Each structure stands twice: as C-alpha cells, then as structure tokens.
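Asker:
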Amino acid sequence: MAAEPILVTGAAGFIGFHVARRLAASRRAVIGIDNLNAYYDPTLKQARLAELAGYEAFRFHKLDLKDRDGVAALFAEYRFDQVIHLAAQAGVRHSLTAPHDYIDSNIAGFLNVLEGCRHAQSRHLLYASSSSVYGANTAMPFRVSQNVDHPLSLYGASKKANELMAHAYAHLFALPTTGLRFFTVYGPWGRPDMAMWLFADAILAGRPIKLFNRGDMKRDFTYVDDVTTAVVKLIDHPAQGNAAWAGDDPDPATSRAPWRIYNIGNHTPVELMDVVRLLEGALGKTALKELLPMQPGDVQATCADVDALQKAVGFAPNTSVAVGIGRFIDWFRAYHRM
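Residue numbers (my numbering): 2 to 339.
What follows is the structure in structure tokens.
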C-alpha cells in the first residue's frame, strides 16, 4: 500500500463505503475501519466490504472506535495525515430507546479519533455532523451562521457536541477540523432504516408505509454521489482560521482556530408525498399509506444553504430527486435480485 493512506472510519457504512470506493478507485490509499455492529443487517455491510475488496488501494481493519487502545495503535502504525470520520451511531428514533449507544460511539469514539489525530499530527480531520443539529430552528434555509443550541434529539445533541469537541482540539492543538452537516442522504447501498429503503421495501411487499405528521414533511434529499464528491474535494482543503473572526460577534461556522462547518444538501426540499409518488412510479406499484402523528425528535422540514461549501470547493448538487430515486430503485432491485 502507498505511503500515508487516508483513514475512513465507518467504511462499511453507507456514506463511508461510497467515499472509500471513490478514493480507492482514484488509487488513493485508504485504510477503512468499521465495527460491523448490528444496528442494521451486517450482511449489507459485508456486501459493501466485498465491493471495496476489489480495489488494491483499500485495506480493512475491523475496529470499534470505543476501543481506546486499538484506535491509538492504529494511528501509531499509520500516522494518518488525513482522516475522514464517518462512523457514528445514526438514527434519531433509535436515540429515544438506546441513548447510551450515542454516548459510546459519537462522544467517546469521537474523542479517541481526536486524540489519534492530535498525536499523529494529522493535517486534516473531516468529520460527519448532521442537519439534526438545527433542531428547533425553523428559519429556512438552514445556514451555518445560525445558532444551533436547541437540539430535539440526543442524536442531534451528540453531533453538536462533536462540533464543539473539534473546536477545542482545533484551538488547543492547531488540528484543522471540518464538520459536515449532512442532509438526508440517499442512493444505492443506502441504509435499511431510512425512508427510501423502508418505503421501497414496504411498497413492493404490499405493506403500508408509515407517514409521520400525516405525510406533511419536507426533506432536503441529497444524492450520495453529490455528497461523495464534496467530501473528496474537501479532504484536500484543510480548515483555516478566519482572521476576521471576532469574539464580541462570533460567527458560528468559523473561528480563529482552523475549524469550519459546512452544510451538504441539495438546497431543494421535497414534499414527502412527492417522494412517495416518485417511488410508486419507479416501482410500478401503488403504496398503501398509514398516516401517523409526528414522532418525538423529528422536524417538519429541512433545507440546506450550501453557499459556503460552493465558495470553498465549488460544490453544486446536480442530481434531482427524480433521477436519484430512479438510480436507487435500479440498485435496490439488483441487490435483492428482483
């Protein structure tokens, strides 16, 4: 393997798989780690790893980020110059019933990554935050300049905590850190606990799809290839301090320290009912609908302002939800051999 590989945590996960594959396909050396937990079917994670195994530039280590000594040993062996941290306990609803999973993975695990980067003197840590940090905010589109101190789920709170922890390390140790607030990512190799997969599976099986808030929801659905492009561009642009930052009027998205926050979204919120209609068209089957009240921790709408990311690396989402859903359903049928 080439010198100075990039570390991708959560490489068997949805976004981590796509990022690791894109890097490895361009012959950039990648070390991928994942704990292969059973939050959803590990068979899907193994299938992703089987795809990645076809790339000479990719190497996998099974490792749980909660393993402090194991993470320290990995960083000591490879001295990672660049780290893309995408491993996390995901899911808003799961955080209502299994809160300790979020502290173990998203807080303790993230601390171990920060410590690894500090001791390896990494040049850039790029990490996953989430649109969930916007919580009770309702002013659209969501901008990184907004205050995000009112999370509505422990998952969202854990991601805000990651941003704060990263800032402390950027300030104390000059570790360049960039946080990415992802907005409802979907596409091939997606997660079975997310709407696209849940809806497609239910429609094909003739089961009702669950529509919370009686279907009155909007989401900024973002196609995974667009997300991957942004991540790969950003890893080579380490965060820099903002010389104009002022403590008496602090910008929430920048700092004097090398610390930045960006939204990654499609900047085009879509009605959930429109998504259902697109899925029905792609599948050739009408959905049975179960209209339910809003779930605790959920929000009615999301929309990302991506101007800062566009200025930084020229990011421009270019996959419409109609095109993205078509590609997802093509993959879904192939994966399930339908």
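Note that beta-carbon positions come from the ideal geometry of N, C-alpha and C, so glycine has one too.
Since this is a predicted model, take the numbers as computed values, not measurements.
So if DSSP puts residue 238 in a beta bridge, which residue, or which two residues, is it bridged to?
Answerer: Looking at the DSSP assignment, residue 238 forms no beta bridge with any residue, so it has no partner.
Asker: In whole angstroms, what is the alpha-carbon distance linking residue 340 and residue 46?
Answerer: Outside the displayed span of the chain (2 to 339) sits residue 340, for which this structure offers no information.
Asker: Leaving out five residues before and five after residue 3 in sequence, what residues of the same chain have Cβ atoms less than 6 Å from its Cβ?
Answerer: Confidence at residue 3 is low in this model, with a pLDDT of 47, below 50, so its placement is unreliable and no value can be given for it.
Asker: Measure the CB-CB distance between residue 254 and residue 265 and report whether it falls below 8 Å.
Answerer: Contact: no.
Asker: Could you check whether the stretch 279 to 298 touches the stretch 200 to 215, counting it as contact only if at least three pairs of C-beta atoms, one from each stretch, sit closer than 8 Å?
Answerer: Touching, yes.
Asker: Given that a residue counts as buried once 16 or more other Cβ atoms are within 10 Å of its Cβ, and exposed if not, what is residue 95?
Answerer: Flag for residue 95 reads buried.
Asker: Evaluate the contact criterion for the stretch 75 to 87 versus the stretch 36 to 46: three or more CB pairs, one atom per stretch, below 8 Å.
Answerer: Not touching, per the Cβ criterion.
Asker: What first and last residue would you give for the beta strand (DSSP E) that runs through residue 35?
Answerer: Its beta strand (DSSP E) spans residues 31 to 35.
Asker: Would you give the residue range spanned by the alpha helix (DSSP H) that residue 314 belongs to?
Answerer: Where residue 314 is concerned, the enclosing alpha helix (DSSP H) stretches over 308 to 314.
Asker: Within 10 angstroms of its Cβ, does residue 296 collect 16 or more other Cβ (buried), or is it exposed?
Answerer: Counting Cβ neighbours within 10 Å, residue 296 comes out exposed, since fewer than 16 surround it.
Asker: Closest to residue 20 by CA distance: which of 48, 40, 53 is it?
Answerer: When only C-alpha atoms are compared, the closest one is 53.
Asker: Taking C-beta to C-beta, are residue 162 and residue 258 nearer than 8 Å?
Answerer: No; because the gap between Cβ atoms is not below 8 Å, this pair is not in contact.
Asker: Determine, using beta carbons only, whether residue 273 and residue 216 come nearer to each other than 8 Å.
Answerer: In contact: residue 273 and residue 216 (Cβ atoms closer than 8 Å).
Asker: Three-state secondary structure (DSSP) at residue 232?
Answerer: If DSSP states are grouped into helix, strand and coil, residue 232 belongs with the helices.
Asker: Apply the 10 Å Cβ neighbour rule to residue 164 and answer buried if 16 or more other Cβ atoms are within range, or exposed otherwise.
Answerer: Burial call: buried.
Asker: Given this structure, state the Cα-to-Cα distance separating residue 123 from residue 251, to the nearest angstrom.
Answerer: For residue 123 and residue 251, the distance between alpha carbons rounds to 27 Å.
Asker: Kindly indicate the opening and closing residues of the beta strand (DSSP E) around residue 16.
Answerer: Here residue 16 belongs to no beta strand (DSSP E); instead the alpha helix (DSSP H) covers 15 to 26.
Asker: Going by C-alpha to C-alpha distance, which of 218, 337, 276 sits closest to residue 392?
Answerer: No answer is possible for residue 392: it lies beyond the span of the chain, which begins at 2 and ends at 339.
Asker: Indicate whether residue 309 and residue 268 have their beta-carbon atoms separated by less than 8 Å.
Answerer: The answer is no: Cβ separation not under 8 Å.
Asker: How many Å lie between residue 103 and residue 114 at the Cα?
Answerer: Distance between the alpha carbons of residue 103 and residue 114 is about 15 Å.
Asker: In terms of residues, what are the limits of the beta strand (DSSP E) holding residue 83?
Answerer: Segment 83 to 86, the beta strand (DSSP E) holding residue 83.
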